[in-house]
Every structure is written in C-alpha cells, then in structure tokens.
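Numbering of the sequence shown is given in numbering that gives the first Met the number 0, commencing with residue 0 and proceeding in unit increments.
Backbone N, C-alpha and C define an ideal beta-carbon position, used for all residues, glycine too.
Single-structure report; data block below.
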Amino acid sequence: MTVRSGATTVDTSATRPTDVSRLYQEGMIAGLAGAATIAIWFLILDTLAGRPLYTPTVLGTALFRRGAGLGPGETLSISVEMVLMFTWVHGLVFAAIGGIASRLLGLVERNPRFGFGVLLLFVVFQFGFIVAAMLFAAPVLRALAWPAVLVANLLAAAAMTGYFWLRHPNLKVSP
0 MTVRSGATTV DTSATRPTDV SRLYQEGMIA GLAGAATIAI WFLILDTLAG RPLYTPTVLG
60 TALFRRGAGL GPGETLSISV EMVLMFTWVH GLVFAAIGGI ASRLLGLVER NPRFGFGVLL
120 LFVVFQFGFI VAAMLFAAPV LRALAWPAVL VANLLAAAAM TGYFWLRHPN LKVSP
C-alpha cells in the first residue's frame, strides 16, 4: 500500500509492524546461533587443551574485572560466575548484531543495490573487530590465541549467514 503525502510517496508495506517484528526475530535467532557457534568452538578448544570453560572465564574477567588476574605468568582459575555473566552478555550482543543484520537484509530485499554495501560493511566490521582486539585487548589475546578468535568469528558469520540464507532464499544482490 502506498500513501501519497504532498510531493512524496511513502511505501507503508515495507514498514509494517509484523514485518519488522519478523526481521528482528530472525535477527535474534541468527545472532544467538552465531554466539552459540563461538561458545561451542571455544568449549571444544578449551576441552582439548584440558581446561574447559577457560575462554569465557578469561573474557568475563577482562570485561567485568577489568582484566585483573590476566597478567603474564598468572594462572586463572575457572569461574562459573564469570562464564555465566560473559555468556549472557555475549548472547545479548550477538542478538543485537543479528537484529541489525536482519534489518539490513530487509533493506536489501527491497532494494538489491544496497547488497554490495551491506557486504562491504560486514567485511569492514570483521576487520575492525580484529584490529580493535589487537590494539585494546592485548592481555586477552595473550591469554587466547588470536587465530582461534578469528576462526570463531568466521564460524559465527557462517552460521548466521546460513540461517539468513534459509530464511531469505530469493535474496538478490546487485552491485
């Protein structure tokens, strides 16, 4: 349905509340799939290294205790409290990222010319995350191997992309 208001035409079908709710729901599910993929990846790596839940403990300590105990040569004991708090925040952040990604995909569905820009934004975001982690989270990267972090992000992106692909099989991107 289009509404003519003065000299502009507004397409109200693209902003129906049910469509927006569906996009946010898809985004939250995709985001949680990405967060779960990362959690499983690090659980596998930590378990193989003989210290399950080490990664979320390190990240929770860095986030909630400002890195206290992450100094060189210090051993960090596993904290279920840190694991649960970090996992909660991690899931919320990924749900928000998924919601934003879903809204951007909704925009691309309506106008395929924006697709390349959205793809470029994703690449810049991934690169920016890695650079920011290297610059501002040096103690965390000393405790965790940065290639494992890079692989985790790529796996999460693949999980989220797979979910979005299933939900939007006819999505077209034009340069």
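Once DSSP output is grouped into helix, strand and coil, what is the label at Arg109? The DSSP-derived three-state label of Arg109 is helix.
Just to confirm, are Phe93 and Ala155 a CB contact at a threshold of 9 Å? yes
Helix, strand or coil for Pro51, going by three-state DSSP, please let me know. Looking at Pro51 - three-state DSSP - the assignment turns out to be coil, as it is neither helix nor strand.
In this structure, does DSSP put Val79 in helix, strand or coil? helix
Residue range of the unbroken alpha helix (DSSP H) whose run includes Thr74: Per DSSP, Thr74 belongs to no alpha helix (DSSP H) and is neither H nor E.
Burial state of Ala158 (16 or more Cβ within 10 Å): buried
Taking the C-alpha atoms as reference points, what is the distance between Ala151 and Ala34? 9 Å
Work out the CA separation of Tyr162 and Leu143 for me, nearest whole Å. 28 Å
In angstroms with no decimal places, state the Cα-to-Cα distance between Ile96 and Gly105. Taken atom to atom, the span from the alpha-carbon of Ile96 to that of Gly105 is near 14 Å.
Is the Cβ of Phe113 closer than 9 Å to any Cβ of chain B? In the structure shown, chain B does not exist; there is a single protein chain.
Under the three-state reduction of DSSP, which class applies to Asn169: helix, strand or coil? The answer is coil: DSSP assigns Asn169 none of H, G, I, E or B.
Applying the 10 Å Cβ sphere with the 16-neighbour rule, what's the burial state of His89? buried
Do the segment 38-57 and the segment 73-83 touch if we need at least three Cβ pairs shorter than 8 Å? Yes, the segment 38-57 is in contact with the segment 73-83.
From Arg102, Pro111, Leu118 and Gly26, residue whose alpha carbon lies closest to that of Asn169: Pro111
What does a CB cutoff of less than 8 Å around Ile28 pick up in its chain, not counting 5 residues either side in sequence? Gly97 and Tyr162
Do you know offhand how far Arg166's Cα is from Gln24's? 11 Å
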